[in-house]
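> Residue numbers (my numbering), protein chains in the order written: chain A, 619 to 901; chain B, 619 to 901; chain C, 619 to 901; chain D, 619 to 901. The structure under discussion is supplied below as structure tokens; questions concerning it will follow.
Number of protein chains: 4
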Amino acid sequence: MKKQRLLLILLTSLTPVAWAQQGQVFETRTLKSDILKMERRYAIYLPPDYDHTDRSYPVLYLLHGAGDDHTGWVQFGAVQHIADKTIAEGRATPMIIVMPDANTKVRGYFNQPNGRFDYERFFFEELIPHIEHTYRVRSERRYRAVSGLSMGGGGTIYYALHRPGVFAAAAPLSATTESHRWIIDQGTTPAQLEAYAQRHTLDSLLSEKAAGAYIDSVKQVRWYVSCGDDDFLYRHNSRLHILFRDRQIPHEYRVKDGGHTWSYWRMELPIVLEFVSRSFAQD
Amino acid sequence: MKKQRLLLILLTSLTPVAWAQQGQVFETRTLKSDILKMERRYAIYLPPDYDHTDRSYPVLYLLHGAGDDHTGWVQFGAVQHIADKTIAEGRATPMIIVMPDANTKVRGYFNQPNGRFDYERFFFEELIPHIEHTYRVRSERRYRAVSGLSMGGGGTIYYALHRPGVFAAAAPLSATTESHRWIIDQGTTPAQLEAYAQRHTLDSLLSEKAAGAYIDSVKQVRWYVSCGDDDFLYRHNSRLHILFRDRQIPHEYRVKDGGHTWSYWRMELPIVLEFVSRSFAQD
Amino acid sequence: MKKQRLLLILLTSLTPVAWAQQGQVFETRTLKSDILKMERRYAIYLPPDYDHTDRSYPVLYLLHGAGDDHTGWVQFGAVQHIADKTIAEGRATPMIIVMPDANTKVRGYFNQPNGRFDYERFFFEELIPHIEHTYRVRSERRYRAVSGLSMGGGGTIYYALHRPGVFAAAAPLSATTESHRWIIDQGTTPAQLEAYAQRHTLDSLLSEKAAGAYIDSVKQVRWYVSCGDDDFLYRHNSRLHILFRDRQIPHEYRVKDGGHTWSYWRMELPIVLEFVSRSFAQD
Amino acid sequence: MKKQRLLLILLTSLTPVAWAQQGQVFETRTLKSDILKMERRYAIYLPPDYDHTDRSYPVLYLLHGAGDDHTGWVQFGAVQHIADKTIAEGRATPMIIVMPDANTKVRGYFNQPNGRFDYERFFFEELIPHIEHTYRVRSERRYRAVSGLSMGGGGTIYYALHRPGVFAAAAPLSATTESHRWIIDQGTTPAQLEAYAQRHTLDSLLSEKAAGAYIDSVKQVRWYVSCGDDDFLYRHNSRLHILFRDRQIPHEYRVKDGGHTWSYWRMELPIVLEFVSRSFAQD
Chain A
619 MKKQRLLLIL LTSLTPVAWA QQGQVFETRT LKSDILKMER RYAIYLPPDY
669 DHTDRSYPVL YLLHGAGDDH TGWVQFGAVQ HIADKTIAEG RATPMIIVMP
719 DANTKVRGYF NQPNGRFDYE RFFFEELIPH IEHTYRVRSE RRYRAVSGLS
769 MGGGGTIYYA LHRPGVFAAA APLSATTESH RWIIDQGTTP AQLEAYAQRH
819 TLDSLLSEKA AGAYIDSVKQ VRWYVSCGDD DFLYRHNSRL HILFRDRQIP
869 HEYRVKDGGH TWSYWRMELP IVLEFVSRSF AQD
Chain B
619 MKKQRLLLIL LTSLTPVAWA QQGQVFETRT LKSDILKMER RYAIYLPPDY
669 DHTDRSYPVL YLLHGAGDDH TGWVQFGAVQ HIADKTIAEG RATPMIIVMP
719 DANTKVRGYF NQPNGRFDYE RFFFEELIPH IEHTYRVRSE RRYRAVSGLS
769 MGGGGTIYYA LHRPGVFAAA APLSATTESH RWIIDQGTTP AQLEAYAQRH
819 TLDSLLSEKA AGAYIDSVKQ VRWYVSCGDD DFLYRHNSRL HILFRDRQIP
869 HEYRVKDGGH TWSYWRMELP IVLEFVSRSF AQD
Chain C
619 MKKQRLLLIL LTSLTPVAWA QQGQVFETRT LKSDILKMER RYAIYLPPDY
669 DHTDRSYPVL YLLHGAGDDH TGWVQFGAVQ HIADKTIAEG RATPMIIVMP
719 DANTKVRGYF NQPNGRFDYE RFFFEELIPH IEHTYRVRSE RRYRAVSGLS
769 MGGGGTIYYA LHRPGVFAAA APLSATTESH RWIIDQGTTP AQLEAYAQRH
819 TLDSLLSEKA AGAYIDSVKQ VRWYVSCGDD DFLYRHNSRL HILFRDRQIP
869 HEYRVKDGGH TWSYWRMELP IVLEFVSRSF AQD
Chain D
619 MKKQRLLLIL LTSLTPVAWA QQGQVFETRT LKSDILKMER RYAIYLPPDY
669 DHTDRSYPVL YLLHGAGDDH TGWVQFGAVQ HIADKTIAEG RATPMIIVMP
719 DANTKVRGYF NQPNGRFDYE RFFFEELIPH IEHTYRVRSE RRYRAVSGLS
769 MGGGGTIYYA LHRPGVFAAA APLSATTESH RWIIDQGTTP AQLEAYAQRH
819 TLDSLLSEKA AGAYIDSVKQ VRWYVSCGDD DFLYRHNSRL HILFRDRQIP
869 HEYRVKDGGH TWSYWRMELP IVLEFVSRSF AQD
């Protein structure tokens, strides 16, 4: 029975590599937004054992870049394969990953200066509650993180700076920090623009005058900042690092080989999942 | 040699299913306790093949620390990933892991001195029978072990000292041995407190006067004791080691790099699973 | 010829474990400097086969930091072990490594503003010729590289900026770019100081007005720039990256986990050896 | 198939030569001691490249146990193989290892209470200077460490406690801390014995009354303390850990599987070499 023995040997030596049940990705789910007066879409990743247990999970909000939508991390970012693998390897804890659409109608993650399209308000007042109501999500701060790339890296930064009490961890990738670029300013008054710029500029949010209590809460967020050395946003990220060091805001900062590309973000995604898991699982 | 190549391809595409089926974790199951006069919660891990077999399994009771509850080992302790992996590697035998809640209403694993909340009695008279009745558990002593961290390490020690005939193995991690701290003594008489202290103090339980038969039964338990060298409970564990050596109670004692942290306990969990499996599987 | 092939396979699978003859480190060799009017010391690493061959080798000048001397890379930097290993693994090509003393009498790698201690002139006009005359060194630009840490990172930067035609590669680690700090300005005129600052400031050397031919020669140098995210010199290195990107000077830039420590430099040294070897060996 | 087997043997026996040149052990070298009024012996390990370089090296004093002599670490401790291997792997920096004889005439590392045989004085006033004069040793404190087993672990502890300014690192293995046991008290007065006990007792040296400046200097030593869980000296080492933690003296403490055996010490020796190398090479 030689053949069979060979087979057994092959199986034995191959199986350790093989892993593990897959999680599920739903590309387009929706919720009704009263604030934005429309249906809004999001993609969602549910971890491998979601359907076979009563566990509640931590949640990562993962934001796409400009010109993309909620399907970007699914198609280009390989979120399912990478999350499955990183969880199976034990580097990341099982978690739910929510990828909202910030492209439809108005591009970007922030409220409009003129008050006509309050996406940020939608995100915190409707999307998060919807997710925590619809899925088995652990809803304490310590189980909630945010990450994103490019424009979504900017979203990550300003969401965590606007509401540091909401997130345990924030991981901007190849982020833009100059978010005024994404404004549609039709019918916006100069005063509105000025207030908007104040709220979306690192220097004003983290100015020397920023109250100590506020800076302290920003320090409570665990930060991971990463940008390729060939990225055109080198200035944004280098300055973010300088400003965070100057204000003594602890953060992990990485510059690696790479540009403003999905190769970079797919390389970084497992590291982000591992990084936020250290918040979820405690050191 | 076409056939062989085909086979290899098949193997490669089949193996992802092959390996480590995951076990299942149920985060919150309950039983009705007449002793405590309330519903009590527990989390439970069932090994990978539980639903596809009629096997009965050994069982490990795994106790959480103070301020935590039955979900601690699930979320922070990564019990599913670690148990799946340790079993898949053949280091641990498939087993059921029960993680009871010792936080609700009264904190701790022991009876109250005043007799109003007999958690320890609940554990042995209601929880263990419930588990052995509800799941396919091997109910002989040799298939039953207990472990836990911090306050749960204290629970581990005193459960195994109070009833050495119940457990094949006991593995306290970063344990407190001074359990009187967790007493709520409202309406407790001095005599009750004194009796309680006697029962929850190493020196009295293992005093020179302790009967030989009792010490002999304590020696029948296989002990694994571990504590980080930066743990604030260094004194408790160093003294436990000295006392066990003085009384010639065989035990594995380990002091490793680390503090009173989940990193330490996640590092130790696979070793605990391996240790109790040597009891379950016989050398 | 089946047998022989088998043998080769065996050799190949056994030899990777085995390595490698050691190179030699001489901790203190000297040369007479007419420019500095004294004996100057340097340490030198000769690759494993230096004494048993007539090969000529590329050369890396490896500069120590402030407060240290030519023995720093030997004792703290583990240059022998790391160079032996990196060469044995084939990641680096065999090379000579020269570690000069820039501590004795006047600290630093540059000429004094007042012209009284021209270390930089010594380096280029006496040390390099001495090395190339004394050892079997390949003396063309393409076989010459420079690296260093902290103050020696500053030396690396300004040496390569002052004489881009001399070096094929430059690898500043945790570099200071504000070298005027190390001046002893006794008896220095304001005009001298001004000229000195011009010559040791990135902004003036790489200003918009800097001639295209000069910038082009700087681009001919292969640059590797690395700094830990906890290093107090974060501002120097972040700005260097911004300026190099602004002036389109190609460079590999890395920010990794770490501080201003020998752990960081020992981690980086094999990467530096590999990086300069790509210059020496051609892609 | 004799031929092939021969070849394999040749390959196996050739590759070790290719690898890591060996250091040299001299089992019995001597110096004349005026203090002890006799010739004293020591064994010495010189690192692999000692004869082919001008480097100076850090030094580890490695003390034998009771009933043994300076050849113990050579024969039973496999010091040459372990040091060669640990250095070749890059875990330890090349160093000189000195193993003095503390057995001849009077057993132990300390002065006699009656002042008739001042071994400790010999060690610091004659042996160390002799070593630093005879070999290429770096003679600053940061390059000097002490370790030892059992009675030599006791020597390690009290040498480092008596003269914390002399050693960068101290690594007692399976140490006895009750050194009065080794006294030959012939002709010793009670007052001498009392003073001796004070000087060789942890509680008096590290008592609450011990001056802050002294405790601070003890904290400057990097400590590694290790003892097997089956060692009969469990009480000494557990108490040392408790006392060091109580007095907030930083130390790495390890309890591993093992007894008072050379297996344990051979297992620990590479870790000791790595530990003291972190002092020699800076983090």
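A virtual CB, placed ideally from N, CA and C, is assigned to each residue, including glycine. Being a predicted model, the structure only gives us computed values, none of them experimental.
Which parts of the segment 742 to 780 of chain A are runs of the alpha helix (DSSP H), unbroken and 4 residues or longer, counting only runs that do not cross its ends?
746 to 752 and 769 to 780
> At least one CB of chain D closer than 8 Å to the CB of residue 886(C): is that the case?
By one-based count along the third sequence, residue 886(C) stands at place 268. Judged by the 8 Å Cβ criterion, residue 886(C) is not in contact with chain D.
> State yes or no: is the beta carbon of residue 761(B) nearer than 8 Å to at least one beta carbon in chain D?
In the second sequence, residue 761(B) corresponds to position 143, counting from 1. Chain D contact via Cβ: absent.
> For the putative contact between residue 789(B) and residue 765(B), defined by C-beta atoms under 8 Å, what is the C-beta separation to the nearest angstrom?
Counting from 1 along the second sequence, the entry for residue 789(B) is found at position 171. Counting from 1 along the second sequence, the entry for residue 765(B) is found at position 147. About 4 Å; that satisfies the 8 Å criterion.
> How is the alpha helix (DSSP H) around residue 824(D) delimited, first residue to last?
Mapped onto the fourth sequence, residue 824(D) falls at position 206. Element bounds for residue 824(D): n/a, residue is neither H nor E.
> Going by C-alpha to C-alpha distance, which of 776(C), 890(C) and 675(C) sits closest to residue 728(C)?
Here residue 728(C) refers to the residue found at position 110 when the third sequence is read from its first residue. When each option's Cα is compared against that of residue 728(C), the closest is 776(C).
> For residue 878(B), which residues in chain D fall below 7 Å Cβ to Cβ?
Along the second sequence, one-based indexing puts residue 878(B) at 260. What residue 878(B) touches in chain D: nothing, since even the nearest Cβ is about 13 Å away.
> I want to verify the contact list: residues of chain A whose CB lies under 7 Å from the CB of residue 856(C), in sequence order.
Within the third sequence, numbered from 1, the residue matching residue 856(C) stands at position 238. Result: 856, 859 and 860.
> When DSSP labels each residue in this structure, what does residue 874(A) get in the three-state scheme?
Indexing the first sequence from 1 puts residue 874(A) at position 256. The answer is strand: DSSP assigns residue 874(A) an E or B state.
> Assuming residue 567(A) contacts residue 880(B) (C-beta within less than 8 Å), just tell me the rounded distance between them.
This structure cannot speak to residue 567(A), because chain A is shown only from 619 to 901.
> Rounded to a whole number of angstroms, what is the C-alpha to C-alpha distance between residue 597(D) and residue 779(D)?
Because chain D is modelled from 619 through 901, residue 597(D) falls outside the range shown and cannot be assessed.
> Straight-line CA distance for residue 842(C) to residue 709(C)?
Looking up residue 842(C) in the third sequence gives position 224. Looking up residue 709(C) in the third sequence gives position 91. C-alpha separation (whole angstroms): 16 Å.
> Does DSSP put residue 887(A) in a helix, in a strand, or in coil?
Working through the first sequence from its first residue, we reach residue 887(A) at position 269. Three-state result, residue 887(A): helix.
> Counting only C-beta atoms, is residue 735(B) closer than 8 Å to chain A at any point?
Sequence index remark: in the second sequence, residue 735(B) carries index 117 (1-based). Not closer than 8 Å to any Cβ of chain A, the Cβ of residue 735(B) fails to qualify, so no.
> Just mark residue 751(A) as buried or exposed, buried being the case when its beta carbon has 16 or more other beta carbons within 10 Å.
Taking the first sequence and counting its residues from 1, the one referred to as residue 751(A) is at position 133. It is exposed - the Cβ of residue 751(A) has fewer than 16 other Cβ atoms within 10 Å.
> Assign residue 648(B) to one of two classes, buried (16 or more other C-beta atoms within 10 Å of its C-beta) or exposed (fewer than that).
Counted from its first residue, the second sequence places residue 648(B) at position 30. The residue in question, residue 648(B), is exposed, as its Cβ has fewer than 16 Cβ neighbours within 10 Å.
> Pull out every residue of the segment 641 to 671 of chain B whose Cβ sits closer than 7 Å to any Cβ of chain A, in chain order.
Residues of the segment 641 to 671 of chain B that bring their beta carbon within less than 7 Å of a beta carbon in chain A comprise 642, 643, 644, 645 and 646, in sequence order.
> Within 10 angstroms of its Cβ, does residue 847(D) collect 16 or more other Cβ (buried), or is it exposed?
Here residue 847(D) corresponds to residue number 229 of the fourth sequence, with the count starting at 1. It counts as buried.
> The segment 702 to 715 of chain D: which residues have C-beta closer than 7 Å to a C-beta of chain C, in chain order?
708 and 711
> Could you tell me which residues DSSP pairs with residue 657(C) in its beta bridges?
Here residue 657(C) refers to the residue found at position 39 of the third sequence. Residue 657(C) pairs with 650(C).
> Any idea if residue 663(D) is buried or exposed, counting beta-carbon neighbours within 10 angstroms, 16 or more meaning buried?
Taking the fourth sequence and counting its residues from 1, one reaches residue 663(D) at position 45. Buried, since its Cβ has 16 or more Cβ neighbours within 10 Å.
> Express the C-alpha separation of residue 808(D) and residue 720(D) in angstroms, rounding to a whole number.
Taking the first residue of the fourth sequence as 1, we reach residue 720(D) at position 102. Taking the first residue of the fourth sequence as 1, we reach residue 808(D) at position 190. About 25 Å.
> Measuring only the C-alpha atoms, how far is residue 869(A) from residue 862(A)?
Translated into the one-based positions of the first sequence, residue 869(A) becomes position 251. Translated into the one-based positions of the first sequence, residue 862(A) becomes position 244. Rounded to the nearest angstrom, the two C-alpha atoms are 8 Å apart.
> From residue 633(D) to residue 639(D), what distance separates their C-alpha atoms?
Taking the fourth sequence and counting its residues from 1, the one referred to as residue 633(D) is at position 15. Taking the fourth sequence and counting its residues from 1, the one referred to as residue 639(D) is at position 21. Note that residue 633(D) scores a pLDDT of 39, beneath 50, so its modelled location is shaky; the value from the coordinates is reported in the next line. So the two alpha carbons sit approximately 11 Å from each other.
> For residue 813(B), count neighbouring Cβ atoms within 10 angstroms of its own Cβ and tell me buried if that reaches 16, exposed if not.
As a position in the second sequence, residue 813(B) is number 195, starting the count at 1. It counts as exposed.
> Since residue 840(A) meets chain B, which of its residues come closer than 7 Å, beta carbon to beta carbon?
Sequence index remark: in the first sequence, residue 840(A) carries index 222 (1-based). Per Cβ cutoff of 7 Å: no residues; residue 840(A) is ~15 Å from chain B at best.
> In terms of residue numbering, what span does the alpha helix (DSSP H) encompassing residue 861(A) cover?
Against the first sequence, residue 861(A) aligns to sequence position 243. Looking at the DSSP string, the run of the alpha helix (DSSP H) that includes residue 861(A) is 852 to 864.
> Label residue 792(C) either buried or exposed according to how many other C-beta atoms from any shown protein chain fall within 10 Å of its C-beta, with 16 as the threshold for buried.
Within the third sequence, residue 792(C) is the residue found at index 174, counting from 1. Classification for residue 792(C): buried.
> DSSP on residue 844(A), reduced to helix/strand/coil?
By one-based count along the first sequence, residue 844(A) stands at place 226. In this structure, residue 844(A) counts as strand in the three-state DSSP scheme.
> Give me the residue from 896(C), 645(C), 834(C) and 774(C) with the minimum Cα distance to residue 671(D).
Numbered from its first residue, the fourth sequence carries residue 671(D) at position 53. Across the set 896(C), 645(C), 834(C) and 774(C), the C-alpha of 645(C) shows the shortest separation from the C-alpha of residue 671(D).
> Once DSSP output is grouped into helix, strand and coil, what is the label at residue 812(C)?
For this step, residue 812(C) is matched to residue 194 along the third sequence. In this structure, residue 812(C) counts as helix in the three-state DSSP scheme.
> Can you find a CB in chain D that lies within less than 8 Å of the CB of residue 836(C)?
Counted from its first residue, the third sequence places residue 836(C) at position 218. Cβ-Cβ to chain D under 8 Å: no for residue 836(C).
> Name the one or two DSSP bridge partners that residue 737(B) has.
Here residue 737(B) is taken as the residue at index 119 of the second sequence, counted from 1. According to DSSP, residue 737(B) bridges with nothing at all.
> Check for me: the alpha helix (DSSP H) holding residue 701(D) runs from which residue to which?
Counted from its first residue, the fourth sequence places residue 701(D) at position 83. It spans 697 to 706 - the alpha helix (DSSP H) in which residue 701(D) sits, taken as one unbroken run.
> With a threshold of 8 Å between beta carbons, is residue 873(D) in contact with chain B?
For the purposes of this step, residue 873(D) is taken as residue 255 along the fourth sequence, with counting starting at 1. It does; some Cβ of chain B falls within 8 Å.
> Considering only the beta carbon of each residue, do residue 660(B) and residue 754(B) sit closer than 8 Å?
Counting from one through the second sequence, the residue named residue 660(B) turns up at place 42. Counting from one through the second sequence, the residue named residue 754(B) turns up at place 136. For residue 660(B) and residue 754(B), no; Cβs fall outside 8 Å.
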